[in-house]
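**Q** Using our numbering, read the sequence shown as starting at 37 and increasing by one per residue.
One structure is given below, represented as structure tokens, and several questions about it will come after.
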Amino acid sequence: MAELKNDVFLRALRRQPTARTPVWIMRQAGRYLPEYREVRAEAGDFMSLCRNARLACEVTLQPLRRFRLDAAILFSDILTVPDALGLGLYFETGEGPRFKRPVQSAAAIRKLSVPDVGSELGYVFDAVSTIRKALDGEVPLIGFAGSPWTVATYMVEGRSSRDFKTIRGLAKEDPQALLTLLDIVTETTVQYLNAQIEAGAQAIMVFDTWGSALEPDDYRRFSLANMQTIVDNLARDKGAERIPVILFTKGAGALLADMVDTGCEALGVDWTTDLGTARRYVEDKVALQGNLDPATLRESPAVIRQGVADTLASYGHGPGHVFNLGHGITPDIAPEHLGVLVDAVHELSPQYHD
Ligand code: 1CP
């Protein structure tokens, strides 16, 4: 396997000194890029794109050809796991993900079991090894999964939701059933992420997009506890250094202080908490990733540059910051605007490092 030529992202996650702040962008491969839309059309639909290692590799590399990014992220989705659990994932054009067989009762939960990850999700591991080879050591490859809670919201609601009525009802009426569901998703996710590491993923990110829909005690019980199990059970001692893990609960705010003790290397922060405040919550025990408001990318180059400058200043001096947006880039963004952001990080960040 080729030597890594750019390790600034991995160094920052480990809070080691770097000459500048690394940058990558959540959803950096995606619909805002015309070349992505072309490959997506060639594949036919989103899941066919995910299942084709050559095309998944191609769209993973597309943003790296345009922008000076310090990491690649596997092109896949958090919903591959419930698909492997037999729920029948499909995408309705313009409507987001749907499941043919949502799991809405204790009886439906009892019928679930941990699948054979190697056969059901082998296409993801093929994509990881194909991408890793194609990267040829230019930048590290991030593998990922959804948090069990976030994945379970889709499994129970059957689709995207903003109020999570069914799953929150289940949490109150039959918490044991929900915990059983979360255990199955957690066990599957551990195997899934370990196989991504085995196939060549060099860092792992867990996306907990909907954790903050829970009140704090329920967050700890139904979301954080399972992320803890994942961190505890990853086979992270692969090379000379441990594979770093990033946990991202969107909207975590003060809960960041609870997430620190999981043993992860880094926490993702969205734009509703400034990085200086987040740094105080975590007492510099872990690195922080984020957190420019994605909406800033709709504005002029001058406003974008100012946003980058403010984000860097908010984190302040020293190692342990990975620049990113506070959530994924949206399809309406002009690619040139992301170029302005990335260039600004390269230009403005060295002053924060010795
Ligand atoms: O139409 C299309 O082409 C599909 C759009 C799309 C894309 C580009 C989906 C469907 N998934 C993805 C890729 C994806 N999803 C990646 C890899 C690419 C990259 O980051 O460059 C990753 C890491 C995800 C993760 C993901 N999927 C999350 C967690 C992160 C987040 O954004 O909060 C979630 C919640 C999903 C579910 C999902 N999959 C797709 C969509 C449109 C959604 C969101 C649905 C919703 O809002 O509820």
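Backbone N, C-alpha and C define an ideal beta-carbon position, used for all residues, glycine too.
1) Residue 187 and residue 114: beta carbons closer than 7 Å?
2) Going straight from the alpha carbon of residue 282 to that of residue 355, what length do you get?
3) Only counting runs of 3 or more residues, tell me where the beta strand (DSSP E) segments fall wholly within the region 275-324, in order along the chain.
4) Locate the beta strand (DSSP E) running through residue 242, then write down its first and last residues.
5) For the candidate residues 336, 49, 302, 196, whose alpha-carbon lies nearest to that of residue 376?
6) Say yes only if the C-beta of residue 289 is nearer than 6 Å to one or more non-hydrogen atoms of the ligand 1CP, and no if none qualify.
7) The ligand 1CP and residue 336: does the residue's C-beta get closer than 6 Å to at least one heavy atom of that ligand?
8) When DSSP labels each residue in this structure, what does residue 128 get in the three-state scheme?
9) Is any heavy atom of the ligand 1CP found at a distance shorter than 6 Å from the C-beta of residue 330?
10) Could you spell out the range, first to last residue, of the alpha helix (DSSP H) harbouring residue 348?
11) Measure from the alpha carbon of residue 324 to the alpha carbon of each residue in 77, 310, 340, 194, then state which is nearest.
12) Out of 319, 171, 121, which one is the CA nearest neighbour of residue 238?
13) With a cut-off of 8 Å on the beta carbons, I'd call residue 202 and residue 140 a contact; round off their distance for me.
14) Whose CA, out of 152, 80, 388, 368, lies closest to the CA of residue 69?
15) Output needed for residue 40: all residues of its chain with C-beta closer than 7 Å, excluding positions within five of it in sequence on either side, in chain order.
16) With a threshold of 8 Å, are at least 3 pairs of Cβ atoms found where one atom belongs to the region 142-155 and the other to the region 92-103?
17) The beta strand (DSSP E) with residue 181 in it runs from where to where?
18) In this structure, does DSSP put residue 79 in helix, strand or coil?
19) From the DSSP secondary-structure annotation, give me the bridge partner or partners of residue 133.
20) Tell me which residues share the same chain as residue 125 and place their Cβ nearer than 7 Å to its Cβ, disregarding the 5 neighbours each side in the sequence.
21) Curious, which full-length beta strand (DSSP E) runs of at least 3 residues does the region 84-131 contain?
22) Assign residue 386 to one of two classes, buried (16 or more other C-beta atoms within 10 Å of its C-beta) or exposed (fewer than that).
23) Tell me, to the nearest whole angstrom, how far the beta carbon of residue 360 is from that of residue 61; I am working on the premise that it is less than 8 Å.
24) Who are the near neighbours of residue 382 in its chain, counting only those whose CB is closer than 8 Å to its CB and skipping five residues on each side?
25) The ligand 1CP and residue 367: does the residue's C-beta get closer than 6 Å to at least one heavy atom of that ligand?
26) Output yes or no for whether 7 Å exceeds the beta carbon distance between residue 269 and residue 218.
27) Alpha carbon to alpha carbon, what distance is there between residue 352 and residue 308?
28) Rounded to a whole number of angstroms, what is the C-alpha to C-alpha distance between residue 365 and residue 190?
29) Is it true that the CB of residue 259 sits closer than 7 Å to the CB of residue 183?
30) From residue 43 to residue 306, what does the alpha carbon distance come to, in whole angstroms?
31) Can you list, in chain order, the residues of its chain whose CB lies under 7 Å from that of residue 371, leaving out five sequence neighbours each side?
32) Would the beta-carbon of residue 223 fall within 7 Å of that of residue 296?
33) Is it the case that the Cβ atoms of residue 231 and residue 180 are separated by a distance below 7 Å?
**A** According to the structure shown:
1) yes
2) Those two C-alpha atoms are separated by around 16 Å.
3) 281-285, 302-304
4) 239-244
5) Of the listed residues, the one whose Cα sits closest to residue 376 is 336.
6) no
7) No.
8) strand
9) no
10) 337-351
11) 310
12) Of 319, 171, 121, the residue nearest in Cα terms is 171.
13) Taking the Cβ atoms as the reference, residue 202 lies roughly 6 Å from residue 140, within the contact range of under 8 Å.
14) Nearest C-alpha to residue 69: 368.
15) 173, 176
16) Under the Cβ criterion (8 Å, minimum of three pairs), the region 142-155 does not count as touching the region 92-103.
17) 177-182
18) Three-state result, residue 79: helix.
19) 127, per the DSSP bridge assignment.
20) Counting only Cβ-Cβ distances below 7 Å, and skipping sequence neighbours, we find 83, 115, 118, 119, 133, 135.
21) 125-128
22) That one is exposed.
23) Indeed, because the Cβ distance is near 6 Å, the residues count as touching under 8 Å.
24) 56, 59, 104
25) no
26) no
27) 17 Å
28) Distance between the alpha carbons of residue 365 and residue 190: 21 Å.
29) With contacts defined by Cβ atoms closer than 7 Å, residue 183 and residue 259 form a contacting pair.
30) 24 Å
31) 68, 69, 102
32) no
33) no
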